[in-house]
Every structure is written in C-alpha cells, then in structure tokens.
Amino acid sequence: MCTGIRFTSTSGSMYFGRNLDWTQGYGERVVMTPPAAKIPAAFSREGDLERGHAVIGMGIVVDGIPLYFDCGNDVGLAVAGLNFPQSARYASEHRHGAINVAAYEFPFWVARNFSSVEEVREALARVNVVAKPVNRQLPVANLHWIIGDATGSVVVECLEDGLRVWENDVDVLTNEPDFGWQRTNLRNYLTLSDADPTAAAWGKASLPPFGSGMGMHGIPGDYSGPSRFVKAAFVNAHYPAQEGERANVTRLFRTLGSVAVPDGCAQVVEGAFERTLYTSCFSAATLTYYHAAYDDLEIRAYPLASCDMNGSAPVFVPAA
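Listed below in structure tokens is the structure:
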C-alpha cells in the first residue's frame, strides 16, 4: 500500500508527498545526491547519472547507488514509486536503440536528468524499463510512479502491453488496479459533496441531515487501493489552496493523514500488518524535504540548501 499526492499553493509552487505503507522498513533515511556524484548506471547511457540535478529524498544506498523511494530535485521536479504488485510488467532485458533504465534506478534517473514533467514525458517515448535487480540480495520491486512539477503530474506504468504514461488530472496515485481503472472509478462517487444536503421530504416526513459532513456520506473508509484513491482525490480536490510554506506542508500532511494506515487493520500475512511507516513532503517552493514517521509524528525538515553540493557520493542528511 502507498498513497501519493500533488498540489500547488496560491502562488503556484508545487507540494508533493506520499505515505509509504508496508509491514517493515528497510533502514531508509533521507539521502542527498550531489550534482557531481558519479553514480553507476545499470546500462550504458553516456553517463547520464554521473552529473545532473541535486536530488534529495527517502531511500537507501546500496553499493554507492541511491535507491530512492521518493525524491525531488533542485529545480522542483519530484517522483515517487508506489507498490503495483499484480500489474507491473517490466522488460526482461535491455533493448537496442532504447533508453534502458533499471526499475530500481527509475526515480533517481527522473530526478537526476530532468527539469519538468514535459521533459520526462518526451523522454519516456524511448524508455525501456528493465527488471534488473541492483544486486542478488534485493529483488526487483513491482512499482508504478507519480511524477510532478508546478504544471501537473503524470503516472508511469509498465503494463502487459507496454509502458503507459497517464495524464493525472486528480494528482493522486495509490496501488492496484491501474491508474486508468482508478480514474474511471471516481465516477461512482459523483454525488459526494463538501456541502451538506438539505432536508428531504419522504411523504409527510421531513428528514434533515444529522450535521456537517453528510455530503461525504458513502465515501470509502477502508484501506484498499481503490478506496484510498477515492478519499485522497476528494480531500486533495476540496482542501482550500493555501499561502505560505507552513500552511501548505500542513495541508499535505493532513491530506495524507486522511488515508494513513494504522497498525492492526491491514493484514498481509498472519501476524504481519501494513501501516504507514512514514509520510513525506517535498516543497518545490523552498526545496525542502519533510518527513514524519509512524512512531514519531514530529515533522522534520531537510532543506536542500543546507547540504554540501560539492560532495562526490550520496550522503545521509540530518534534520535541520
């Protein structure tokens, strides 16, 4: 399970974030990769990971390679990978003439090399995402991705019939089924409203609403991918646009909090339950990464400006 969202402030700055829901963590920490850090690519691509945008986000570092779960770069482009276990279909091998990208490096490849969603969209026409593991210990994760900037967002899915780029006009992504199904499913909830219904007359009976919030009666409340998609899309669409960093970071954490998963409610296997391990936010306004953990709700800030841009390798970043 996971949920990702994107929105803009009243001044047009993007805020992008996600819940990571799983049974256990992987030792993930906030990682910054400096512009000149030479990161080996899975396939020969003329050194496109050896220099580029500075990238900050949550992940682990394996053999000097940053494996980002979600991240943003120094010009305000952000990307997150979300679980897509049943539908993801990567290529089994590299393809001559294509831009071959291993699934594990996809978020970093996006943030490292591009400045906008439009640039990514153009490059994806030639991309072949390959099921190549980073090493023998870590299997290939089946994911799909949400990519956002100040202009909007797209969803990238590797499906049975090839790579698909969806325009994401609701700025939300969860898990299964595919994004096209999730977007269509929203039409089952057209009667949801932020306004309260008026009293209804059933014959001689007048039936007034109990109180505020009844316009949302019928919104899903379980933790499945489709239900979280509907609720996150509704809240994200109806939360008023905010001005300033604090108000927008609050908006993001409150919105994702509406679909956060508590322990003990979503069993994966006997005795193992998914929960929201962390919630993150990337502010394109201040180029700051924010993070709060399941057992520590304090929101900590990691400004990119506080990082050493002259380093030669990915580094773990302490909170400001």
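Each residue of the sequence shown is one higher than the last, beginning at 268 in this note's numbering.
Here a beta-carbon is modelled for each residue, glycine too, at the ideal position from N, C-alpha and C.
Problem set entry | Host beta strand (DSSP E) of L474 (start-end) | Its beta strand (DSSP E) spans residues A472 to L474.
Problem set entry | Among N577, A560, T555 and D562, nearest to A568 - alpha-carbon criterion | Ranking the options by Cα distance to A568, first place goes to T555.
Exercise. What are the start and end residues of the beta strand (DSSP E) that includes E541?
Worked result: Where E541 is concerned, the enclosing beta strand (DSSP E) starts and stops at A539 to S550.
Exercise. What does a CB cutoff of less than 7 angstroms around M576 pick up in its chain, not counting 5 residues either side in sequence?
Worked result: Closer than 7 angstroms at the Cβ level, and outside the excluded window around M576, lie P301, P302 and A321.
Exercise. Are the beta-carbon atoms belonging to A559 and T522 less than 8 angstroms from one another?
Worked result: With contacts defined as CB atoms closer than 8 angstroms, A559 and T522 fail to qualify as a contacting pair.
For this session: Answer yes or no: do P218 and A304 have a C-beta to C-beta separation smaller than 8 angstroms?
Result: Nothing can be reported for residue 218, as the shown portion of the chain is limited to 268 through 587.
Problem set entry | Ranges of the beta strand (DSSP E) found wholly within the stretch 288-339, counting only runs of at least 3 | The stretch 288-339 is shown to contain whole beta strand (DSSP E) runs of 3 or more residues at 296-300 and 322-329, in chain order.
For this session: Would you check if there are 3 or more beta carbon pairs closer than 8 angstroms linking the stretch 279-291 to the stretch 519-538?
Result: Result yes; three or more Cβ-Cβ pairs closer than 8 angstroms.
Exercise. F381 by DSSP, collapsed to three states: which one?
Worked result: Reduced to three states, the DSSP call for F381 is coil.
For this session: Assign S311 to buried or exposed, taking buried as 16 or more other Cβ atoms, counted over all protein chains shown, within 10 Å of its Cβ.
Result: Label assigned to S311: exposed.
For this session: Taking all protein chains shown into account, decide if H484 is buried (16 or more other Cβ within 10 angstroms of its Cβ) or exposed.
Result: Its Cβ having fewer than 16 others within 10 Å, H484 is exposed.
Problem set entry | Own chain, CB closer than 7 angstroms to G447, minus 5 neighbours either side, in chain order | So the list reads W433, once near-sequence residues are dropped.
For this session: Within the same chain, show all residues whose beta-carbon is closer than 8 angstroms to that of Y506, passing over the 5 residues directly before and after it, in chain order.
Result: Counting only Cβ-Cβ distances below 8 angstroms, and skipping sequence neighbours, we find F274, R518, R521 and T522.
For this session: Measure the alpha-carbon distance for G538 versus V407 and round it to whole angstroms.
Result: C-alpha separation (whole angstroms): 24 angstroms.
Exercise. Under three-state DSSP, which class holds H361?
Worked result: H361 falls in the coil class under three-state DSSP.
Exercise. Given W376, which residues of its chain have a CB within under 6 angstroms of its CB, disregarding the five upstream and five downstream residues?
Worked result: If we look at W376 and ignore the five residues flanking it on each side, its Cβ neighbours are V368.
For this session: Report the residue from S573, G429 and R356 whose alpha carbon sits nearest the alpha carbon of K399.
Result: The shortest C-alpha separation from K399 is found at R356.
Exercise. If you draw a straight line from the alpha carbon of H361 to that of A370, how long is it in whole angstroms?
Worked result: Using only the alpha carbons, I get a separation of about 12 angstroms.
For this session: Determine the direct distance from the alpha carbon of A345 to that of P374, and round the result to whole angstroms.
Result: Going by the C-alpha atoms only, they are around 9 angstroms apart.
Exercise. Would you call E510 buried or exposed, if buried means 16 or more other Cβ atoms sit within 10 Å of its Cβ?
Worked result: Counting Cβ neighbours within 10 Å, E510 comes out exposed, since fewer than 16 surround it.
Exercise. Hey, how far is the Cα of S420 from the Cα of A468?
Worked result: So the alpha carbons of these two residues sit roughly 44 angstroms apart.
For this session: Using DSSP bridges, identify the partner residues of Y557.
Result: Note: Y557 sits in a beta bridge opposite C548 and A568.
For this session: Could you tell me if E427 is buried or exposed, where buried requires 16 or more neighbouring beta carbons within 10 angstroms of its beta carbon?
Result: Result: exposed.
For this session: Tell me whether A347 is buried or exposed, calling it buried when 16 or more other Cβ atoms sit within 10 Å of its Cβ.
Result: Around the beta carbon of A347, a 10 Å sphere encloses 16 or more other beta carbons of the protein chains shown; the residue is thus reported as buried.
For this session: Report the option in A466, D330 and V528 whose CA atom is closest to the CA atom of G482.
Result: Of the candidates A466, D330 and V528, A466 places its Cα closest to the Cα of G482.
Exercise. What are the partner residues of S420, as DSSP defines its beta bridges?
Worked result: Beta-bridge pairing links S420 to G415.
For this session: Taking 8 angstroms as the cut-off, decide whether the C-beta atoms of E541 and G492 are in contact.
Result: No, Cβ-Cβ distance for E541 and G492 is not below 8 angstroms.
Problem set entry | Reduced DSSP secondary structure (H/G/I, E/B, other) of A504 | In the three-state DSSP reduction, A504 falls in the helix class (H, G or I).
Exercise. Along the chain, which unbroken stretches of the alpha helix (DSSP H) at least 4 residues long are found entirely within the stretch 478-522?
Worked result: Complete alpha helix (DSSP H) runs here, min 4: 492-505.
Exercise. From D337, P333, V297 and R318, pick the residue whose C-alpha is nearest to that of L287; which is it?
Worked result: For L287, the nearest C-alpha among the options comes from D337.
For this session: Give the DSSP bridge partners of W469, in chain order.
Result: Note: W469 sits in a beta bridge opposite A472.
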